[in-house]
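Report on the structure given below.
Residue numbers (this note's numbering): 1 to 277.
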């Protein structure tokens, strides 16, 4: 048993299937496996696994996460193509590591160059999971560095997987600008995260989510980018090759698949799901 299939790969185990909703799997010391269906359940994979949490090499819903993220990038290219005619001066730069497949998909869809111009320290973990804002900012200062030769004089299109608290991007845009980038546009390979997660992800307060209280233009000004664009909900779901009802989309829509009871009083009225480009 493993939370992700990549854990099985590294020990040369055979992947059989995912545990079904409402299913109990009992494995005995002698190797026998017993399964019991304790309740009828509805499959609702948290789509943020595909956006951010899952490792590139894992399988979810029978698909390699890396390939789904590449398709996010392809959809992003269709929705937000470059606004400049001088395509030779554009360089697509991923925010490592989760955004690398999306940046590759975006660049290859449009025939653009892509460079891993941002170096991430392997010793600093995921900053948005730090318990306090002070700790998050301390981690951010040590986490990334930009390679000047990759961005100097270039029109940079920076690709990130999501915006949660909006801690990382202002620093990265500042670094790229200081390194000599001519312009910096930022594209996000998911919709705005406007609603808290009550099922385990560390986004407990809506007030901490940038998109819950800021417009796209507000966020663009905060990160000091030339342009800021998000992948639409419809395009994100389309890239998964599954219908929307197979996913928990609550962090984007505010529509929770399992009742959150009185916690609903803590958040603003959920927006309706939109599939417009």
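Here a beta-carbon is modelled for each residue, glycine too, at the ideal position from N, C-alpha and C.
On a predicted model such as this, the values are computed, not experimentally measured, just so you know.
**OP:** Taking only the alpha-carbon atoms, compute the straight-line gap between residue 275 and residue 230 and give it to the nearest angstrom.
**Re:** Interpretation of residue 275 is limited by its pLDDT of 38, a score under 50 that renders its predicted location unreliable; the figure taken from the coordinates is listed afterwards. Those two C-alpha atoms are separated by around 13 Å.
Subject >> Selection from 223, 162, 206 that minimises the alpha carbon distance to residue 263 >> reply: 206
**OP:** Flag residue 163 as yes if its beta-carbon sits less than 7 Å from any beta-carbon of chain D, otherwise no.
**Re:** Among the chains of the structure shown, chain D does not appear; only one protein chain is present.
Original post:
Does the Cβ of residue 154 have 16 or more other Cβ atoms within 10 Å, making it buried, or fewer, making it exposed?
Top reply: That one is buried.
Original post:
Which residues share a DSSP beta bridge with residue 120?
Top reply: 144
**OP:** Going by CA-CA distance only, name the one from 73, 119, 257 that's closest to residue 149.
**Re:** It is 119.
Original post:
Which residues mark the beginning and the end of the alpha helix (DSSP H) in which residue 35 is found?
Top reply: It is not in any alpha helix (DSSP H) - residue 35 instead sits in the beta strand (DSSP E) that spans 33-37.
Subject >> Start-to-end residues for the alpha helix (DSSP H) that takes in residue 216 >> reply: 216-223
**OP:** Could you pull out every residue in the same chain whose Cβ sits closer than 8 Å to the Cβ of residue 209, ignoring the five residues on either side in sequence?
**Re:** Excluding sequence positions up to five before and after residue 209, its CB lies within less than 8 Å of the CB of 164, 165, 193, 194, 195, 196, 203, all in the same chain and listed in chain order.
Original post:
Apart from the five residues just before and just after residue 256, which ones in its own chain have a Cβ nearer than 6 Å to its Cβ?
Top reply: Hits under 6 Å: 250.
Original post:
If you pair each beta-carbon of the region 97-116 with each one of the region 81-89, do three or more pairs fall below 8 Å?
Top reply: yes
Original post:
Distance, Cα to Cα, residue 50 vs residue 198?
Top reply: 18 Å
Original post:
Rounded to whole angstroms, how far is the Cβ of residue 44 from the Cβ of residue 252, which I believe are closer than 8 Å?
Top reply: In fact, because the Cβ distance is near 14 Å, the residues do not count as touching under 8 Å.
Subject >> DSSP state of residue 158 mapped onto helix, strand, coil >> reply: strand
**OP:** Check each candidate in 46, 174, 6 and name the one with the smallest Cα separation from residue 245.
**Re:** 46
Original post:
Are at least three pairs of beta-carbons, each pair with one atom in the region 178-190 and one in the region 55-74, less than 8 Å apart?
Top reply: Result yes; three or more Cβ-Cβ pairs closer than 8 Å.
Subject >> 8 Å contact criterion, which residue 219 and residue 228 should meet: CB distance rounded >> reply: With 8 Å as the limit, residue 219 and residue 228 qualify as a contact, their Cβ atoms being about 6 Å apart.
**OP:** For residue 290, write down the residues that DSSP places opposite it in a beta bridge.
**Re:** Residue 290 lies beyond the residue range present for the chain, which begins at 1 and ends at 277; the question has no answer from this structure.
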